[in-house]
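Report on the structure given below.
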Amino acid sequence: MTDKKAKDLLPLTPAAFQILLALADAELHGYAIMQEVQQRTEGRVRLGPGTLYGNIKRLLAEGLIREASARPDPALDDERRRYYRLTPFGRRVATREAARLERLVDDARQKRLLPAAG
Amino acid sequence: MKRQEKLYRKLLRLLPAEFRAEYGREMGLFFRERFREETRSGTAVWRVWWDALADLLRTAPTQHWDLLRQDARSALRSMGAHRAFTAVAVATLALGIGANVGVFTFVDDLLIQSPPWPEAQRVLRLYADNQHGAFDVMSYPDYADLRDRSRSFTGLAAHRGVPLTITAGSRPEQLRGELVSGNYFEVLGIEPYRGRFIRESDDHETAEPVAVVSFGLWQRLGEESRRQLRIYGQPFRVVGVAPGGFGGSYPMENARVWLPLALHERVRRTGLTLDRRGWGWLQALGRLREGVGIRAAQAELDGLAAQLVTEHGSRTSSGYRLYPAGRYPEWAREGVAQGLAFLLLVTALVLLLVLANLGGAMLARVVRRRRDTAVRQSLGATSTHLLRLWLTESALVALLGGALGLLVAFWTRKLLLRMVPFDLHSGQLDSWHFGPPIVFFTAGVTAVCAVAFGCLPAFRAVRAGLAPVLKEDAWTTSAGRSSARLHALLSVGQVTASVVLLTVAGLLLRTVHEAEAFHPGFEAERLTLAELNLETHGYGEEQGRAFLRRLEERLEGRPGVQGVTFAEVVPLSGNQENLAFWLEGRPEGPKDWVSLDANQVGADYFTTMGIPIAEGRDFRSEDAAAGSPRVVIVTQALARRFWPGRSALGRWVRTDPEKPPMEVVGVARDVRYQSLGEEPRPIVFGNLEQNYSGRLTVHVRGSTPIGRELLAGEVAALDPDLALGPVGPFQDVLAAALFPQRLLGLATGIFGVLALLLTSLGLYALLAFAVQQRRREFGIRMVLGARREHVLRMVLGRGLVLTLWGVALGAGISVVAARALESLLFGVAPTDPVALLLAAALPLAVALAASSLPARRATRVDPVRAIREP
Chain D
586 MTDKKAKDLL PLTPAAFQIL LALADAELHG YAIMQEVQQR TEGRVRLGPG
636 TLYGNIKRLL AEGLIREASA RPDPALDDER RRYYRLTPFG RRVATREAAR
686 LERLVDDARQ KRLLPAAG
Chain Z
34 MKRQEKLYRK LLRLLPAEFR AEYGREMGLF FRERFREETR SGTAVWRVWW
84 DALADLLRTA PTQHWDLLRQ DARSALRSMG AHRAFTAVAV ATLALGIGAN
134 VGVFTFVDDL LIQSPPWPEA QRVLRLYADN QHGAFDVMSY PDYADLRDRS
184 RSFTGLAAHR GVPLTITAGS RPEQLRGELV SGNYFEVLGI EPYRGRFIRE
234 SDDHETAEPV AVVSFGLWQR LGEESRRQLR IYGQPFRVVG VAPGGFGGSY
284 PMENARVWLP LALHERVRRT GLTLDRRGWG WLQALGRLRE GVGIRAAQAE
334 LDGLAAQLVT EHGSRTSSGY RLYPAGRYPE WAREGVAQGL AFLLLVTALV
384 LLLVLANLGG AMLARVVRRR RDTAVRQSLG ATSTHLLRLW LTESALVALL
434 GGALGLLVAF WTRKLLLRMV PFDLHSGQLD SWHFGPPIVF FTAGVTAVCA
484 VAFGCLPAFR AVRAGLAPVL KEDAWTTSAG RSSARLHALL SVGQVTASVV
534 LLTVAGLLLR TVHEAEAFHP GFEAERLTLA ELNLETHGYG EEQGRAFLRR
584 LEERLEGRPG VQGVTFAEVV PLSGNQENLA FWLEGRPEGP KDWVSLDANQ
634 VGADYFTTMG IPIAEGRDFR SEDAAAGSPR VVIVTQALAR RFWPGRSALG
684 RWVRTDPEKP PMEVVGVARD VRYQSLGEEP RPIVFGNLEQ NYSGRLTVHV
734 RGSTPIGREL LAGEVAALDP DLALGPVGPF QDVLAAALFP QRLLGLATGI
784 FGVLALLLTS LGLYALLAFA VQQRRREFGI RMVLGARREH VLRMVLGRGL
834 VLTLWGVALG AGISVVAARA LESLLFGVAP TDPVALLLAA ALPLAVALAA
884 SSLPARRATR VDPVRAIREP
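Note that the protein sequences, when read in sequence, are chains D and Z. Residue numbers for the first sequence follow our numbering, so the first one is 586 and each next one is one higher. Residue numbers for the second sequence follow our numbering, so the first one is 34 and each next one is one higher.
Written out as structure tokens, the structure reads:
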């Protein structure tokens with residue numbers, strides 16, 4: 586995947602970005618993605634099943650994530666679940682999105698909407 | 034917990050099937066976990082459900098939309114890959130949809146749309162309803178009484194169309210005008226383009242003569258004439274200009290000038306005064322008061338009519354009838370409505386045929402694409418997905434067809450409007466009314482098409498796509514065979530529809546032919562008419578008689594002229610003049626008169642018109658001599674009605690109790706006077722020689738049709754200032770009367786040919802496809818010794834059998850359809866053998882031609898190559 590293609594996908598929707606973030610350091614199944622996002626954002630972002638799988642479907646189609654093997658989650662029950670992982674392309678897109686957001690925050694700082702970074 | 038999860042899984046049906054199949058299970062697990070966790074941490078159950086529901090409702094539309102876009106993309110790809118098929122499909126659909134929408138728009142123009150006046154649905158027309166049926170004119174006193182006594186209307190206006198000669202610039206010209214009551218424009222509720230309309234204060238004999246002109250006339254008038262118009266040499270001050278497109282309250286009136294009713298004598302010179310009850314000449318229209326319905330108004334009028342009859346006896350109309358003012362004149366509406374309903378049915382049939390045709394073609398594609406389908410299915414595509422793909426494609430084709438169909442509709446409507454024998458509120462219909470009815474209708478028709486021709490093949494596609502097809506030859510599997518059967522059935526259906534359409538077209542075209550050749554009681558051919566108004570040009574009786582004599586002499590001296598006569602009323606022209614008559618054998622009191630059609634005609638009228646005198650004699654030139662007895666000629670219908678079983682000759686009639694009675698000297702054969710289909714009417718023909726009138730129509734019979742120049746030239750030679758009114762062959766008058774039949778005949782004729790074309794195309798496609806599919810079989814047969822003629826016969830035979838089935842079915846349905854059509858037919862039996870035979874023979878011939886091409890191709894199959902083919 587070229588960088589040009591990565592740029593075309595930006596900006597990501599907040600939900601999609603959150604999913605990519607959740608998968609940045611772990612292979613997770615759907616419910617676990619939701620849990621990770623909820624914990625990391627201290628409950629500010631709560632993904633419903635429809636939003637979650639709708640986004641997963643799109644991220645899969647765009648090649649940002651990939652299905653890993655399906656296996657039961659010992660923490661939940663014995664039902665098999667599909668695990669997802671970030672692709673290298675997905676990682677590049679997420680990085681670019683983060684950089685984009687950072688520049689945005691920098692701009693906000695310069696305009697003194699936020700205190701200068703310590 | 035189990036129940037909650039079950040319910041949630043049910044709710045997942047909001048999502049597209051594909052999405053559900055992919056993620057449904059895990060979404061259920063997700064919901065279960067979350068439900069457990071949340072309720073454990075003390076969240077209310079409703080809150081959990083609320084979140085879940087909101088989440089689903091947010092997701093469902095985007096997922097459906099995504100899918101639709103995806104389907105549309107692949108459908109477009111497929112359409113691009115089969116460009117020829119797509120083009121033919123879109124074109125045929127455009128024709129089918131376009132014809133339907135065009136006819137519907139035309140119906141909308143004629144019968145549904147209200148006239149372009151504010152709150153036009155509250156404007157009603159009021160006709161006197163005498164013994165001859167509705168739509169009669171009324172006298173001024175009757176009108177005034179109704180206007181003053183009725184409470185149902187905010188206003189009741191009277192009007193009457195008149196020919197006018199105006200002088201604007203150097204040359205006089207004749208055009209249509211309307212005499213209107215002072216409240217006429219107020220009742221219509223329209224606004225003048227400039228200045229003001231005629232008011233109540235103008236509608237008095239002593240008021241200053243004023244006129245309102247039409248927008249079109251105003252535009253071409255000079256500066257001088259825009260202020261003052263000379264009508265029959267008398268000055269009228271122009272006070273206002275009507276809005277563009279307004280040509281009177283009757284669409285066909287085409288009025289250009291409006292004058293106050295009270296000034297009628299200045300432009301009509303009837304010698305009659307407004308207060309004469311029993312002199313019917315006015316038409317009325319009223320605007321309903323807020324909250325009053327047409328039924329209430331009719332009930333009130335019935336009461337008023339009874340009152341007036343008690344007061345004035347038979348001098349007044351026996352009743353009145355209200356009609357919502359439409360664009361199409363009420364008296365012709367019923368026949369036209371029936372005709373148009375039928376036309377709509379015919380176009381619907383054409384559309385059905387188009388759908389059968391496309392359905393067949395789609396079916397062929399299904400079989401051709403069975404490998405593609407089977408591969409998709411084996412790769413895990415669900416049936417619903419495949420079904421949706423087909424439907425999306427047919428929907429897109431239908432959409433394109435619908436869009437193009439609007440263009441076809443536009444031209445169809447234009448063509449149909451051109452056939453209307455008069456202006457339907459002039460310029461206002463030239464524009465394309467793209468209102469909600471038409472949008473809904475087009476959208477509806479298009480949607481029906483998409484589903485109709487898409488669904489059937491789509492279901493087939495899914496079934497035919499089952500795995501065995503991958504290996505087998507299409508026509509040897511049961512799915513392939515049943516597709517072939519269905520395809521054949523569709524072809525039979527098309528032949529059937531063509532036969533029905535052609536039969537109907539044949540019957541109607543023969544009706545038009547018969548009606549044109551129909552003898553209305555007089556000879557219509559080579560009869561030229563021209564209006565002439567001497568009185569308003571200042572001719573007195575003496576001068577007038579002299580002028581007419583000289584005109585007749587001059588015209589008769591011209592080569593090719595066989596006869597010249599004059600009459601006040603032209604039969605079948607829609608103009609009528611009713612007079613009150615006392616007749617021998619009936620009570621003679623002042624209130625005991627009956628209203629009858631009256632016409633004043635010159636010497637030679639019956640000879641020139643070709644109306645045979647059944648009894649007695651024609652008018653003679655001796656009748657003109659001073660002191661000779663006053664005479665009339667009546668129709669057989671009159672004699673039958675008032676003097677049944679006895680001779681009418683020698684009996685008297687009178688129009689005025691003061692004047693001497695007139696003797697019946699002749700009984701004329703009945704003529705069609707107001708419409709071709711009417712029962713013979715009682716008519717009194719007065720003698721123009723004894724009863725001078727200067728408002729006439731010149732009737733000239735020629736050995737060939739007489740042109741305008743000849744007539745205008747002779748008139749100008751006698752008096753250059755005299756304007757000749759509209760000149761035209763009598764056939765024009767007849768054409769207007771025959772409008773519905775002609776319209777229907779032409780339309781079904783065009784559709785019948787279109788149907789034949791489509792059917793042959795469909796049959797050709799079916800056989801060509803079958804031949805292609807059976808190449809191997811033909812090859813094997815030929816290798817095994819089958820002769821080429823044998824193969825030819827097989828294919829031709831199949832086409833012929835299908836066609837014969839269609840013809841047989843079609844003939845059966847036609848016989849039933851023709852019976853339903855009987856009231857529209859005229860002079861042709863519904864089982865007319867010529868129409869039926871033609872309708873059966875044409876499709877047969879076309880079918881044979883269409884089959885021969887694929888059949889010859891079948892004989893050219895190279896056995897060796899065909900067998901080797903996969």
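All C-beta atoms, glycine included, are put in the ideal place defined by N, C-alpha and C.
C-beta neighbour in chain D for residue i, strict 9 Å
i               : result
V502 of chain Z : Unreliable positioning characterises V502 of chain Z in this predicted model, as indicated by a pLDDT of 43, which lies under 50. A coordinate reading is not provided.
T406 of chain Z : no
Q96 of chain Z  : yes
E59 of chain Z  : yes
D506 of chain Z : In this predicted model, D506 of chain Z has a pLDDT of only 45, less than 50, meaning its place in the structure is not dependable; the value taken from the coordinates is given anyway. Chain D contact via Cβ: absent.
L931 of chain Z : In the structure displayed, chain Z extends from 34 to 903; residue 931 of chain Z sits before or after that span and is not available.
R73 of chain Z  : no
D895 of chain Z : no
Under 9 Å between C-beta atoms of residue i and residue j
i               : j               : result
V290 of chain Z : V272 of chain Z : no
L829 of chain Z : S885 of chain Z : yes
V369 of chain Z : L709 of chain Z : no
E648 of chain Z : L682 of chain Z : yes
T72 of chain Z  : Y638 of chain D : no
S347 of chain Z : V627 of chain Z : yes
A483 of chain Z : L799 of chain Z : no
First and last residue of the uninterrupted beta strand (DSSP E) at residue i
i               : result
P762 of chain Z : V760 to P762
Y353 of chain Z : Y353 to P357
M695 of chain Z : M695 to A701
H732 of chain Z : R728 to G735
S847 of chain Z : That residue, S847 of chain Z, is in no beta strand (DSSP E); its alpha helix (DSSP H) goes R821 to A853.
T561 of chain Z : L560 to N566
R72 of chain Z  : Note on residue identity: the sequence assigns Thr, not Arg, to residue 72 of chain Z. No beta strand (DSSP E) contains T72 of chain Z, which is instead part of the alpha helix (DSSP H) from A50 to R73.
G210 of chain Z : P205 to V213
Y667 of chain Z : It should be pointed out that residue 667 of chain Z corresponds to Val in this sequence rather than to Tyr. Start and end: V664 to T668.
E241 of chain Z : That residue, E241 of chain Z, is in no beta strand (DSSP E); it is neither H nor E in DSSP.
R180 of chain Z : No beta strand (DSSP E) holds R180 of chain Z; the alpha helix (DSSP H) holding it covers Y173 to R182.
G864 of chain Z : According to the sequence provided, residue 864 of chain Z is Thr. The question's Gly does not apply to it. T864 of chain Z -> no beta strand (DSSP E), and no H or E assigned at all.
N632 of chain Z : V627 to V634
Between the CA atoms of residue j and residue i - distance to the nearest angstrom
i               : j               : result
G635 of chain Z : L334 of chain Z : 40 Å
A653 of chain D : E612 of chain D : 8 Å
L321 of chain Z : R328 of chain Z : 11 Å
A500 of chain Z : Q410 of chain Z : With a pLDDT of only 39 at A500 of chain Z, under 50, the local geometry of the prediction cannot be trusted, and the value read off the model is given with reservation. Taking the straight line joining both Cα atoms gives about 8 Å.
I130 of chain Z : V472 of chain Z : 12 Å
E51 of chain Z  : N640 of chain D : 15 Å
V502 of chain Z : Y361 of chain Z : With a pLDDT of 43 at V502 of chain Z, under the threshold of 50, the modelled position of that residue is not reliable, and the figure given next carries that caveat. Straight-line Cα distance between these residues: approximately 60 Å.
R402 of chain Z : A684 of chain D : 49 Å
Y265 of chain Z : V300 of chain Z : 7 Å
D625 of chain Z : W251 of chain Z : 48 Å
V760 of chain Z : P196 of chain Z : 13 Å
Chain Z contact for residue i (CB, 9 Å cutoff)
i               : result
I641 of chain D : yes
L637 of chain D : yes
G628 of chain D : no
G633 of chain D : yes
Span of the alpha helix (DSSP H), counted from its first residue to its last, around residue i
i               : result
L126 of chain Z : R116 to V140
Does the contact criterion of 3 or more C-beta pairs under 8 Å hold for the stretch 197-208 of chain Z versus the stretch 219-231 of chain Z? no
Just checking, does the stretch 614-622 of chain Z make contact with the stretch 580-590 of chain Z on the three C-beta pairs under 8 Å criterion? no
If you pair each beta-carbon of the stretch 742-750 of chain Z with each one of the stretch 533-542 of chain Z, do three or more pairs fall below 8 Å? no
Measuring CB atoms only, is the stretch 169-187 of chain Z touching the stretch 276-284 of chain Z, in the sense that at least three cross pairs come out at less than 8 Å? no
For the stretch 570-581 of chain Z and the stretch 772-789 of chain Z, state whether three or more C-beta atom pairs, one from each stretch, are separated by less than 8 Å. no
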